[in-house]
Amino acid sequence: MRGREQQRRRFVVVICCTIMVYGMAFSLSLYRNQTGDELLIHDVSRLFPERVEDIIKGKEEEALIKAVKLAEEKQLKISIAGARHSQGGHAFFRDSLLLDMTDFNDILSLDTEQKLITVQSGVTWADVQNYLNRYGLAVKVMQSSNIFTVGGSLSSNVHGRDPRYGPLIETVESFRLLTADGEIKHVSRTENEELFELVIGGFGLFGVILDVTLEITDNELYAGTTEKLDYQEYPAYIEQHIKNAEDVGLHFARLSATPESLFEDMYVTTYRTLTPDDEHYPEPEQLEQLYLLEEEKHVRRDKFFLGLARNFDWGKQLVWDLQQRLYANEDAVEIVSRNNAMRPPVAFLEYDSDNNTDILQEYFVPTAQFPRFVGLLKEIIEEEELNALNVTVRYTPEHQEGFLRYSNEDTLALVLLIHHPLSDEGIEQVRAATKRVVEAVLACQGTYYLTYQTFPTNEQIRAAYPEIDAFFCRKAEI
Ligand SMILES: Cc1cc2nc3c(=O)[nH]c(=O)nc-3n(C[C@H](O)[C@H](O)[C@H](O)COP(=O)(O)OP(=O)(O)OC[C@H]3O[C@@H](n4cnc5c(N)ncnc54)[C@H](O)[C@@H]3O)c2cc1C
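Printed below as a string of structure tokens:
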């Protein structure tokens with residue numbers, strides 16, 4: 056008995072010391088100073104930084120035109136940067152002239168009747184939400200978070216969590232494009248239509264997107280609920296409850312990522328539109344508060360817990376247990392506006408350790424192939440000992456626009472957040488594992504998201520994107 060008590064005490068002391076040491080390191084990390092070479096550019100992953108020749112921040116269109124002409128004169132390549140949340144370093148060309156678009160960020164016009172907004176491409180979704188919220192309006196398609204620029208989002212042809220829409224291209228009415236010769240072209244489905252398909256999802260290869268006119272929608276009120284589901288049943292669930300369900304405003308799922316229960320638990324969250332006759336519709340005096348835009352709270356607390364998950368398996372389990380507690384009450388209903396539901400916490404993800412990084416990867420599979428892919432992915436994560444921190448799933452309906460499409464049919468997209476060392480070995484380990492995951496996704500007739508790392512081989516990219524050679528040919532010709 057005494058031996059067991061001593062053992063228990065020792066265990067508690069070890070855990071307390073570990074938390075103390077981690078807590079001290081965590082506190083110090085909050086006050087780290089970033090210094091360095093301004094021309095050494097990296098994205099949020101800090102993988103493969105590149106040194107550029109110069110950086111130009113254009114607030115005015117003329118400055119951007121001048122920069123493009125200067126690049127032509129000096130025979131420099133151009134790189135374009137929005138919020139730099141693409142990951143893998145492939146957006147930056149060595150010795151290029153970097154156009155930083157983040158100051159080119161005005162909101163130009165709003166047509167409340169037609170529900171159209173025109174913005175400069177360096178504007179972030181957060182800026183757009185702040186503006187639209189005053190008019191009771193909201194974005195139709197954007198990423199799960201709002202920190203990205205509209206230009207970077209168009210260039211990746213992003214998708215979001217509203218299952219009524221496919222990728223962003225569906226909501227783009229037109230845009231203006233600054234081409235490499237300094238010319239400005241108006242692009243829409245009826246004017247320079249080939250460029251419409253090449254530029255959206257074209258990763259900046261066909262010019263600089265200047266301003267964009269986007270369709271917008273109402274800032275609906277939602278009732279959000281979460282339920283537990285076996286991932287094997289997810290395709291049928293999508294078919295019955297999500298696909299073509301006009302009252303579903305947002306939907307996503309989360310899988311467990313702990314070593315003990317990898318992918319064993321899954322929770323699906325759905326936000327349904329509330330009408331005044333619904334039992335959950337709020338009292339009139341609550342409405343004003345509900346429509347106010349919320350700011351992210353508890354950033355340090357959430358950073359602390361994410362840090363535990365990065366460093367310790369028990370930390371990961373603890374975070375998942377806490378999350379599950381939140382999901383446990385299936386009768387709980389969250390009443391939230393569309394704009395607030397489309398700005399979930401994200402600041403706690405910021406991470407700038409010198410030794411490690413967090414990267415995202417995303418794999419798209421036809422809905423019916425989801426269970427098979429989850430099984431294959433589980434095997435690879437376990438065998439390759441990947442430190443997966445978080446796994447979410449989104450549904451994207453069939454769509455046909457865009458030259459480089461990540462899917463042509465109803466798709467479930469699995470988003471993985473992976474923590475790994477920045478050392479050469481750490482990067483090579485993830486590269487090798489990624490190639491295996493891509494092999495698995497191809498076997499399931501799926502694809503991967505080009506916005507993340509360039510780890511897959513040339514054969515793999517050709518298999519996932521059979522149009523890629525034609526895409527590069529058009530780049531050379533236009
Ligand atoms: C935490 C996190 C969550 C994410 N969630 C989602 C999600 O829910 N759905 C999703 O689809 N994606 C998601 N992504 C990926 C993200 O949408 C893309 O990486 C997107 O491009 C980021 O926008 P950005 O402003 O950071 O663009 P950047 O990374 O700066 O640029 C992206 C590409 O666009 C080009 N570019 C930038 N501005 C312009 C311009 N004005 N004209 C022409 N080309 C330009 C760049 O050269 C680059 O090739 C997520 C990424 C992160 C880190």
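Following the numbering used here, the numbering of the sequence shown begins with 56 at its first residue and continues without gaps.
Think of the CB as a built atom: it goes at the ideal place given N, C-alpha and C, for glycine as much as any other residue.
(request) Evaluate contact between the region 317-328 and the region 278-287, counting only Cβ atoms and requiring at least three cross-stretch pairs below 8 Å. (result) yes
(message) What does the Cβ neighbour count give for C499, buried or exposed, with the cut at 16 atoms within 10 Å?
(response) buried
(message) Let me check understanding here. Comparing Cα to Cα, which of A300, G177, A383 and N185 lies closest to L209?
(response) G177
(request) Provide the residue span of the alpha helix (DSSP H) that contains K112, from first to last. (result) From DSSP, K112 is part of no alpha helix (DSSP H) but of the beta strand (DSSP E) over D109 to K112.
(message) Based on DSSP bridge pairs, tell me the residues matched to R106.
(response) Answer is L95.
(message) Measuring only from the beta carbon, is D98 closer than 7 Å to any heavy atom that is part of ligand 1?
(response) yes
(message) Just to confirm before moving on: does the CB-CB distance between M197 and V213 stay below 8 Å?
(response) yes
(request) Could you have a look at G144 and say whether DSSP puts it in helix, strand or coil? (result) coil
(message) Applying the 10 Å Cβ sphere with the 16-neighbour rule, what's the burial state of H241?
(response) exposed
(message) Could you check whether the Cβ of F148 sits closer than 7 Å to any heavy atom belonging to ligand 1?
(response) no
(request) Taking I517 as part of the alpha helix (DSSP H), name the residues at either end of that continuous run. (result) Per the sequence shown, residue 517 should be read as Arg rather than Ile. Per DSSP, R517 belongs to the alpha helix (DSSP H) from N513 to A519.
(request) With a threshold of 16 other CB atoms inside 10 Å of the CB of E225, please say whether the residue is buried or exposed. (result) Classification of E225: buried, given that the 10 Å Cβ count is 16 or more.
(request) Would you check if the distance between the CB atom of L310 and the CB atom of V448 is smaller than 8 Å? (result) Yes, the Cβ-Cβ distance between L310 and V448 is below 8 Å.
(request) Using the DSSP secondary-structure output, state which residues sit across from E389 in a beta bridge. (result) DSSP output for E389 lists G279 as bridge partner(s).
(message) Runs of 3 residues minimum, wholly inside the region 454-516: which ones carry the beta strand (DSSP E) assignment?
(response) Listed in chain order, they are 466-476.
(request) Kindly indicate which three-state DSSP category V174 falls into: helix, strand or coil? (result) strand
(message) Once DSSP output is grouped into helix, strand and coil, what is the label at N88?
(response) Bear in mind that the predicted position of N88 carries a pLDDT of just 45, short of 50, making it too unreliable to give a figure here.
(request) List the residues that DSSP assigns as beta-bridge partners of S243. (result) S229
(message) Within 10 Å of its beta-carbon, does D479 have 16 or more other beta-carbons around it, so buried, or fewer, so exposed?
(response) exposed
(request) Determine the closest residue to Y461 out of H296, Y418, I533 and R529, with distance taken between C-alpha atoms. (result) Y418
(message) Which residues does DSSP list as the beta-bridge partners of F419?
(response) A468 and T502
(request) Write down the C-beta distance between R399 and S200 rounded to the nearest angstrom, noting that I regard them as a contact closer than 8 Å. (result) For clarity, residue 399 is Pro in the given sequence; the question names Arg instead. Separation of the CB atoms of P399 and S200 is rounded to 7 Å, and the pair is thereby assigned contact status at 8 Å.
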